[in-house]
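Student:
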Amino acid sequence: MKKKIAVFGTGYVGLVTAVGLADIGHDVFAVDIDRTRVKDLKKGYLPFYEPGLKKIMKTVITAGKIHFSSESDKAVNRSDVIFIAVGTPPLEDGRADLSQLRNAVDCVIEDLDSSKVIIIKSTVPPGTIDALKELHSAELESTKSEIVFCPEFLREGTAVHDFYHPDRLVIGSDSDTAARIVDDIFFPVVGKRDVPVLKCSPVSAEMIKYSSNVMLAARIAVMNELAEMSETVGSDIIEIAAGVGLDSRIGNSFLNAGPGFGGSCFGKDVSGLVTAAAARGVELGLIREILTSNDKQRLRPALRLEKAVGSLRGKKIAVLGLAFKAETDDVRGSAAFDVIEYLTEKGAQVKAHDPLAEYNFIRDFKKKGYSCTELVEDALKKADAAIILTEWKEYRNLSPECLAGCMKGRVIIDSRNIIDVNAFRSEGFTVFGTGMVEVKPKLKSRNRSDFMNAAIVSM
Ligand code: UGA
Numbered sequence: 001m002k003k004k005i006a007v008f009g010t011g012y013v014g015l016v017t018a019v020g021l022a023d024i025g026h027d028v029f030a031v032d033i034d035r036t037r038v039k040d041l042k043k044g045y046l047p048f049y050e051p052g053l054k055k056i057m058k059t060v061i062t063a064g065k066i067h068f069s070s071e072s073d074k075a076v077n078r079s080d081v082i083f084i085a086v087g088t089p090p091l092e093d094g095r096a097d098l099s100q101l102r103n104a105v106d107c108v109i110e111d112l113d114s115s116k117v118i119i120i121k122s123t124v125p126p127g128t129i130d131a132l133k134e135l136h137s138a139e140l141e142s143t144k145s146e147i148v149f150c151p152e153f154l155r156e157g158t159a160v161h162d163f164y165h166p167d168r169l170v171i172g173s174d175s176d177t178a179a180r181i182v183d184d185i186f187f188p189v190v191g192k193r194d195v196p197v198l199k200c201s202p203v204s205a206e207m208i209k210y211s212s213n214v215m216l217a218a219r220i221a222v223m224n225e226l227a228e229m230s231e232t233v234g235s236d237i238i239e240i241a242a243g244v245g246l247d248s249r250i251g252n253s254f255l256n257a258g259p260g261f262g263g264s265c266f267g268k269d270v271s272g273l274v275t276a277a278a279a280r281g282v283e284l285g286l287i288r289e290i291l292t293s294n295d296k297q298r299l300r301p302a303l304r305l306e307k308a309v310g311s312l313r314g315k316k317i318a319v320l321g322l323a324f325k326a327e328t329d330d331v332r333g334s335a336a337f338d339v340i341e342y343l344t345e346k347g348a349q350v351k352a353h354d355p356l357a358e359y360n361f362i363r364d365f366k367k368k369g370y371s372c373t374e375l376v377e378d379a380l381k382k383a384d385a386a387i388i389l390t391e392w393k394e395y396r397n398l399s400p401e402c403l404a405g406c407m408k409g410r411v412i413i414d415s416r417n418i419i420d421v422n423a424f425r426s427e428g429f430t431v432f433g434t435g436m437v438e439v440k441p442k443l444k445s446r447n448r449s450d451f452m453n454a455a456i457v458s459m
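Using the UniProt record's numbering, the first residue of the sequence shown is number 1, and each one after it goes up by one.
#1: Smallest Cα separation from R155: which of F324, R416, L273 and A75?
#2: Can you tell me which of the three DSSP states K2 falls into?
#3: Buried or exposed for T36, going by 16 or more other Cβ atoms inside 10 Å?
#4: Taking C-alpha atoms, which residue in K3, I84 and K121 lies nearest to V108?
#5: How do the stretch 129 to 137 and the stretch 15 to 31 stand: do at least 3 beta-carbon pairs fall below 8 Å, yes or no?
#6: Which runs of the alpha helix (DSSP H), 4 residues or longer, sit entirely within the stretch 321 to 384?
#7: DSSP beta-bridge partners for C67?
#8: Please state whether DSSP places D40 in a helix, a strand or coil.
#9: Run through the stretch 153 to 182 for me and flag every whole alpha helix (DSSP H) of 4 or more residues, listed as ranges in chain order.
#10: Does ligand 1 have even one heavy atom less than 8 Å from the beta-carbon of E206?
#11: What does DSSP give as the partner residues of I430 in its beta bridges?
#12: Among K65, K199, I61 and W392, which one has its Cα closest to the Cα of G25?
#13: Give me whichever residues DSSP pairs with L198 in a beta bridge.
#14: Mapping the DSSP letters down to three states, classify E134 as helix, strand or coil.
#15: So who's on the other strand from A96, going by DSSP bridges?
#16: Could you tell me the alpha carbon to alpha carbon distance between V13 and V274, rounded to whole angstroms?
#17: Taking its Cβ as the centre, do 16 or more other Cβ atoms sit within 10 Å of G285, making it buried, or is it exposed?
#18: Could you check if P89 is buried or exposed, using at least 16 other CB atoms within 10 Å of its CB as the buried criterion?
#19: For E231, does the count of other Cβ atoms within 10 angstroms reach 16, so buried, or fall short, so exposed?
#20: When you compare the CB positions of E391 and G260, do they come within less than 9 Å of one another, or not?
#21: For ligand 1, is there any heavy atom lying closer than 8 Å to the beta carbon of A386?
#22: At which residues does the alpha helix (DSSP H) containing V76 begin and terminate?
#23: Assuming A357 and L322 make a contact with CB atoms under 8 Å, what is their CB distance in whole Å?
#24: Using the three-state DSSP reduction, which class does F186 fall into: helix, strand or coil?
#25: Note the first and the last residue of the continuous beta strand (DSSP E) segment covering I120.
#26: Using only CA atoms, which one of V437, I237, L226 and R396 lies nearest to N294?
#27: Check whether the Cβ of M436 sits closer than 8 Å to any heavy atom of ligand 1, and report yes or no.
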């Protein structure tokens with residue numbers, strides 16, 4: 001049944017949720033305290049890149065199914081249901097910063113005039129919903145309103161797809177009525193496709209969200225450590241992932257080794273859980289180590305490059321990929337920060353490229369010694385070596401002939417294992433994939449100097 005819904009926060013989660021809810025038939029009022037952002041959204045401009053979002057947003061704006069505003073009271077008064085999807089970034093000590101959430105909840109509670117369901121989408125530490133319910137118990141009881149936790153599992157880059165094709169809907173609520181309302185709201189994407197709906201307590205739902213990200217982060221961390229091992233014993237991490245993934249208890253997704261996980265969620269949620277546990281006297285030693293392990297991985301592409309080319313001083317290095325993964329312009333937690341910092345500190349001249357994330361990277365990385373190029377070829381021109389950090393399709397399709405034509409050196413660090421190693425090998429490149437030994441160039445003629453050159457490059 002169509003509901004009048006307010007969504008607080010128009011970031012990666014809030015905006016996709018608001019637009020998706022409008023598209024499945026609800027009447028949505030999206031609220032953000034950033035007035036410039038609201039102005040832009042009204043004109044249909046997106047504050048970030050998310051595949052497929054612009055098109056749906058245009059449709060729902062034109063159909064009058066979504067409105068944007070900075071006036072929270074108006075949004076609350078006209079709505080039966082209020083989603084809160086504001087940021088909960090990490091504080092210095094690893095705890096989640098709940099100030100934006102508290103402000104948003106305060107705004108909603110202040111204007112609460114009738115029975116409403118407040119659905120928290122922001123990721124929060126266990127116990128937060130119960131604490132909010134206790135803090136606002138008088139207003140909630142007098143208006144017969146409820147606070148529910150409904151974790152989000154959207155991935156940047158595929159968030160629109162994930163909204164329409166969720167694996168599950170988790171509803172953390174003490175009230176069956178409120179849980180039914182949440183279930184009804186998502187019926188068009190959940191009910192019709194028989195998606196599992198798990199109803200549980202708010203604190204279990206909070207733990208499910210943290211645990212899901214911790215499990216995914218752990219999986220990647222394990223694969224990256226196995227990749228490091230693989231490089232020393234001569235096995236191939238892609239073959240290992242295939243073999244391990246065939247065990248139905250393990251499954252084959254999220255087994256790609258790479259330059260460590262990035263993004264704004266895994267690191268934040270691992271430390272959020274660890275600090276929440278520590279505050280209760282519980283030591284999550286294994287989970288804490290995920291971050292130490294990941295930090296180490298982020299630098300490995302740069303260290304492998306240094307090993308391959310020797311001193312970096314004066315070397316021209318092309319860094320391909322600044323976004324933390326493909327199909328997003330988000331650079332938060334990207335390995336590019338660590339890699340470029342290391343290379344420039346060692347005296348390399350770095351030219352970086354990314355199809356979408358250049359602006360955000362320059363905004364966030366104020367250091368000297370690197371520049372960004374609009375065309376990938378310009379980054380590669382006369383480069384002694386190249387490092388691929390993001391799995392953009394454009395880099396998958398790089399032509400070995402083209403690289404051979406414009407690069408000076410013949411070393412590629414393919415941290416995402418995306419290029420056709422054999423094709424590059426035939427053009428005389430030495431390729432270092434993550435979790436595999438370097439693939440040395442195929443020698444066209446077997447003379448002594450070719451052997452010597454190949455040996456020097458791979459040293
Ligand atoms: C992650 C979760 O996947 C979402 O379910 C969750 O909703 C979201 O966090 C969140 O909590 O908001 P996201 O950070 O957008 O989503 O991106 P992922 O696709 O999970 O990738 C995270 C990082 O892991 C990226 O750096 C990616 O390159 C890396 N990764 C992923 C690997 O290194 N290997 C893999 O096999 C998969």
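No residue lacks a Cβ here, since even glycine has one placed at the ideal position from N, Cα and C.
Tutor: Reading off the structure:
#1: F324
#2: coil
#3: exposed
#4: I84
#5: no
#6: 335 to 345, 358 to 364 and 376 to 380
#7: Per the sequence presented here, residue 67 reads as His, with Cys not at that position. The partner list for H67 (beta bridge, DSSP) reads F29.
#8: helix
#9: 159 to 164
#10: no
#11: Strictly speaking, residue 430 in this sequence is Thr, with Ile absent from that position. Paired residue(s): V411.
#12: K65
#13: V170
#14: helix
#15: P90
#16: 23 Å
#17: exposed
#18: exposed
#19: buried
#20: no
#21: no
#22: S72 to R78
#23: 4 Å
#24: coil
#25: V117 to I120
#26: L226
#27: no
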